[in-house]
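> Protein sequence lines correspond, in order, to chains A and B. Here the first sequence is numbered in my numbering, starting from 185 and rising by one per residue. Here the second sequence is numbered in my numbering, starting from 185 and rising by one per residue. Don't be surprised by glycine CBs; every beta carbon is placed ideally from N, CA and C. Sharing a structure here in C-alpha cells format.
Number of protein chains: 2
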Amino acid sequence: MKSAALYRAQPRGESPAFQPLYRQIKALITQSLVSGEWRPGEPIPSEIELASRYSVSQGTVRKAVGELAEERVLVRQQGKGTFVATYAGERSQFPFLRINPDAEPMRELTARLLGLERGRDPAAARLLGLSSTATTFLLKRLLMINDRAACYEEIRLPAARFKGLSATVVEQHECMLYSMYEARFGVRMLQAEERVKAVLAPREVAAILHCVPGTPMLLIERVAFTYGQEPSELRRCYCDSQEHHYRNAITG
Amino acid sequence: MKSAALYRAQPRGESPAFQPLYRQIKALITQSLVSGEWRPGEPIPSEIELASRYSVSQGTVRKAVGELAEERVLVRQQGKGTFVATYAGERSQFPFLRINPDAEPMRELTARLLGLERGRDPAAARLLGLSSTATTFLLKRLLMINDRAACYEEIRLPAARFKGLSATVVEQHECMLYSMYEARFGVRMLQAEERVKAVLAPREVAAILHCVPGTPMLLIERVAFTYGQEPSELRRCYCDSQEHHYRNAITG
DNA sequence: GAGTGGTCTAGACCACGGC
DNA sequence: CCGTGGTCTAGACCACTCA
Chain A
185 MKSAALYRAQ PRGESPAFQP LYRQIKALIT QSLVSGEWRP GEPIPSEIEL ASRYSVSQGT
245 VRKAVGELAE ERVLVRQQGK GTFVATYAGE RSQFPFLRIN PDAEPMRELT ARLLGLERGR
305 DPAAARLLGL SSTATTFLLK RLLMINDRAA CYEEIRLPAA RFKGLSATVV EQHECMLYSM
365 YEARFGVRML QAEERVKAVL APREVAAILH CVPGTPMLLI ERVAFTYGQE PSELRRCYCD
425 SQEHHYRNAI TG
Chain B
185 MKSAALYRAQ PRGESPAFQP LYRQIKALIT QSLVSGEWRP GEPIPSEIEL ASRYSVSQGT
245 VRKAVGELAE ERVLVRQQGK GTFVATYAGE RSQFPFLRIN PDAEPMRELT ARLLGLERGR
305 DPAAARLLGL SSTATTFLLK RLLMINDRAA CYEEIRLPAA RFKGLSATVV EQHECMLYSM
365 YEARFGVRML QAEERVKAVL APREVAAILH CVPGTPMLLI ERVAFTYGQE PSELRRCYCD
425 SQEHHYRNAI TG
C-alpha cells in the first residue's frame with residue numbers, strides 16, 4: 185500500500201527532521217522538476233495519477249501541489265490540469281523588475297544588450313557559491329521604460345551553468361533573460377534577494393543614461409536563485425529615479 | 185443545518201460574485217475581528233466550535249482559518265489554539281522596516297520622537313482616503329540602528345482614527361508605533377506599499393542625521409493598510425544608505 | 001486526560017475545458 | 001461526454017499543551 189521510502193503520519197519519538205507525507209510528496213514532485221521529467225510549460229500528471237503513483241490519497245497530493253502552486257512553481261488550471269510554471273509567453277517578461285514610472289502607466293519595456301564578456305571575477309564567483317577561479321559571464325544591458333533610458337544593468341552568470349551563451353542567443357530572446365535562461369539552459373529563477381542603496385551616478389553610468397554625473401541613483405544589487413535556493417545570477421542595476429521608483433509591497 | 189446567509193457549494197447559473205463557502209466563513213471571521221469580538225492577542229474559538237457556529241465541517245473552517253493564518257491575521261499554535269495576531273510582545277517591534285546595516289548584524293534598534301503636530305494637509309488626507317479638509321497628525325521621528333542615526337521619518341495619521349494621540353502616548357510605547365496603534369487605537373497594520381527613490385539629502389534632514397547636505401539618500405514613501413485595505417498611515421522616510429541598505433525578497 | 005491544531009483518507013458533488 | 005481541478009464532508013489518528 186505504501187511506498188517504502190515514505191513515512192506515514194508522524195512517526196513517534198526520535199525522528200530528526202521529520203516531514204509530513206505531503207511534504208515528502210512535494211519533495212518528490214520537485215525532484216521530477218529538477219530532473220527535467222516535466223519541463224516548464226508542460227502538464228504534470230493529474231492528481232489522481234500522482235496519488236496512485238505515490239500511493240497516497242488525492243487530498244495529500246492536493247496539499248503538496250497546492251504549496252508548489254502558491255510558490256508559483258506549478259500553475260493549476262481548472263478543467264485542464266496542472267502545469268510547470270514558465271516565463272515563456274507571459275505578459276511581463278521581466279518578472280522580478282520592481283522599477284515603475286512615477287506618473288504614467290508602464291506601457292513599454294525594452295532592453296538592449298551593450299556587451300557580453302567572459303572572464304574571472306573572484307568576488308562574484310564567491311557570491312555565486314563557486315570557487316574564486318571559476319569563470320563567469322558579464323552582460324551589460326540598458327533598460328528602456330516607455331522609450332526613456334531608465335536602468336543600466338551588469339549581470340553575472342556562472343559560465344558552467346550557461347555554456348554556449350552569446351550575444352546572439354541573448355538577442356534571439358529580445359533580451360528577456362529569465363525566459364531565455366529557462367528555454368536555453370533549463371534554469372528557472374524562482375526567487376531573488378535585493379539590496380537597494382542611494383549613490384551618486386558614476387561618470388560611465390551617467391553617460392549611458394544621459395544624465396549629469398552626480399545625479400542621485402538607486403543602486404540595486406540582486407542575487408537570484410533557482411530550484412533548491414541555488415544562487416545562479418548576480419545583478420547590479422543603476423536606476424535613474426528622477427521619473428521612476430522602486431516599488432515594494434510589504435505583507436505582515 | 186445551514187445558516188440562511190450561506191450559499192453552499194457553487195450555485196448554478198447566474199451568481200454574480202460567488203464565493204466558496206470557506207471564503208464566506210473567512211469573511212465572517214474577519215467581520216468578528218473588525219468588530220472587536222476577538223482582540224489582538226486573544227484566542228478565537230476552536231475550529232470545532234466555529235464549525236458548529238457556522239454549521240459547516242471542521243475542514244471548511246480549517247481552510248478559512250488557514251488563509252487568514254497565511255496572511256498573518258491569525259496565528260495557529262498546535263495544542264493551544266488559534267490567536268489573533270498582535271505586534272505586542274514580538275521580537276521585532278518594527279515589523280515593516282526594511283533597513284539593515286551593511287556589515288554588522290542588526291543589534292539594536294531604537295527610535296526617538298522629534299515632534300508631534302496636529303493640522304491639515306490636503307495632499308496627505310487625500311492619500312489616506314479622507315476629505316482634503318480632514319485633520320491629520322504629523323509625527324517626526326529619528327531611527328537609530330546600532331547606535332547610529334540611520335533614518336528620519338515623517339508619519340501622517342488620520343486624526344479621526346487616532347483620537348487622543350500625544351507625545352506622551354508615543355513615548356509610553358517607546359516609539360514602537362505599530363504596537364501602539366494596536367494597543368491604544370485598535371488599528372492593526374496588515375500590509376504596506378512602498379516607493380523608493382534616490383535623492384540628495386535636504387539641508388534639514390542632513391542636519392538631523394549628521395551628514396553633509398547633498399549626500400545621496402533613500403527616500404521611502406509608504407502607505408500602510410489595516411483590515412479591509414483601508415489606508416491608515418502615511419510615512420516618508422529619509423535613510424542614509426552609506427552604511428545601510430533597503431532589503432527586499434522577491435518571490436516569483 | 002481532555003482539548004487543541006495537524007495530517008491523512010475516502011467519497012461525494014461541482015465547474016470548467018476539450019473532444 | 002469524460003477528465004480535470006475545486007469544494008465540502010465525516011471520521012480517524014496524531015502531536016502538542018496544560019491542568
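(1) Report all residues from its chain with a CB closer than 6 angstroms to the CB of A/R260; omit the five preceding and five following residues, and keep chain order.
(2) Against chain B, with Cβ distances strictly below 7 angstroms, would A/K381 count as a contact?
(3) Thinking C-beta only, is A/A376 closer than 7 angstroms to B/I283?
(4) How about the stretch 323-342 of chain B and the stretch 417-431 of chain B: do they share at least three Cβ pairs that are nearer than 8 angstroms?
(5) Could you give the distance in angstroms between the alpha-carbon of B/W222 and the alpha-carbon of B/Y271?
(6) Of all Cβ atoms in chain A, is any one closer than 7 angstroms to the Cβ of B/R256?
(7) Report yes if the CB atom of B/V245 is closer than 7 angstroms to the CB atom of B/E255, and no otherwise.
(8) Does DSSP put A/T244 in a helix, in a strand, or in coil?
(9) Identify whether B/G250 lies in helix, strand or coil by the three-state DSSP scheme.
(10) Going along the chain, which residues of its own chain have a beta-carbon closer than 8 angstroms to the beta-carbon of B/P306, five neighbours each way excluded?
(11) Could you tell me the boundaries of the alpha helix (DSSP H) in which B/L418 lies?
(12) When you compare the CB of A/M401 with every CB in chain B, is at least one pair closer than 7 angstroms?
(13) By Cβ distance below 8 angstroms, which residues in the same chain neighbour A/S216 in space, the five residues on each side in sequence not counted?
(14) Residues in the same chain with beta-carbon distance under 8 angstroms from B/L384, minus the five sequence neighbours each way, listed in chain order, please.
(15) Counting only the same chain and skipping the five closest in sequence on each side, list residues whose C-beta sits under 6 angstroms from that of A/K381.
(16) What do you get for A/K264, buried or exposed, if any count of 16 or more other CB atoms within 10 angstroms of its CB means buried?
(17) Quick check on the burial criterion: 16 or more other C-beta atoms within 10 angstroms. Buried or exposed for A/H394?
(18) Can you check whether the CB of A/A295 is closer than 7 angstroms to the CB of A/C335?
(19) Below 6 angstroms CB to CB, which residues in the same chain sit around B/G299 once its five sequence neighbours on both sides are set aside?
(20) Could you tell me which chain B residues have their CB closer than 7 angstroms to the CB of A/I329, listed as they occur along the chain?
(21) List, from N- to C-terminal side, the alpha helix (DSSP H) runs of 4 residues or more that fit wholly inside the stretch 356-382 of chain B.
(22) Taking its Cβ as the centre, do 16 or more other Cβ atoms sit within 10 Å of B/T320, making it buried, or is it exposed?
(23) Could you work out which residues of chain B lie near A/A431, taking near to mean beta carbons separated by less than 9 angstroms?
(24) Kindly give me the distance between the Cβ atoms of A/E378 and B/N432, rounded to whole angstroms, as I take these residues to be in contact under 8 angstroms.
(25) For a contact defined as C-beta to C-beta under 9 angstroms, what are the partners of B/F202 on chain A?
(26) If you draw a straight line from the C-alpha of B/M364 to the C-alpha of B/V354, how long is it?
(27) Under 7 angstroms between C-beta atoms, does B/Q194 make it to chain A?
(28) My output table needs one value for B/K347: the three-state DSSP class, helix, strand or coil.
(29) Ordered along the chain, which non-local residues of its own chain (more than five positions away) have a Cβ less than 7 angstroms from that of B/H429?
(30) Please list the terminal residues of the continuous beta strand (DSSP E) segment that includes A/E338.
(31) Between the Cα of B/V389 and the Cα atoms of B/L212, B/F346 and B/L326, which residue gives the shortest distance?
(32) Sort A/C421, A/S219 and A/S236 by Cα distance to A/R406 and report the nearest one.
(33) Using a C-beta to C-beta distance shorter than 8 angstroms, which residues of chain A count as neighbours of B/L217?
(34) Measuring alpha carbon to alpha carbon, tell me which residue in A/E366, A/G220, A/P224 and A/Y238 is nearest A/Y206.
(35) Should A/L210 be labelled buried (16 or more other beta-carbon atoms within 10 Å of its own) or exposed?
(36) Can you list the beta strand (DSSP E) stretches of 3 or more residues lying completely in the stretch 257-306 of chain B, in chain order?
In this structure, then:
(1) A253 and T266
(2) yes
(3) no
(4) yes
(5) 15 angstroms
(6) yes
(7) no
(8) helix
(9) helix
(10) S316 and T317
(11) Not the alpha helix (DSSP H): B/L418 falls in the beta strand (DSSP E), residues E414 to D424.
(12) yes
(13) W222 and I228
(14) P397, G398, T399, P400 and M401
(15) L403
(16) exposed
(17) exposed
(18) no
(19) K324
(20) Going along chain B, no residue has its Cβ under 7 angstroms from A/I329, so there is no contact; the nearest lies around 15 angstroms.
(21) 361-369
(22) buried
(23) Correcting the residue identity first, residue 431 of chain A is Arg in this sequence and not Ala. Per Cβ cutoff of 9 angstroms: E377, E378, R379 and V380.
(24) 5 angstroms
(25) Here the premise fails: no neighbours, minimum Cβ distance about 14 angstroms.
(26) 7 angstroms
(27) Only weak support exists for where B/Q194 lies, its pLDDT of 42 falling under 50; the value from the coordinates is given anyway. Not one chain A Cβ lies under 7 angstroms of B/Q194.
(28) coil
(29) N284 and D286
(30) R332 to P342
(31) B/L326
(32) A/C421
(33) In chain order: nothing, as chain A lies at least about 14 angstroms away.
(34) A/Y238
(35) Reading the sequence as shown, one finds Lys at residue 210 of chain A and not Leu. Its Cβ being crowded by 16 or more others within 10 Å, A/K210 is buried.
(36) 258-261, 265-268, 283-285 and 293-304
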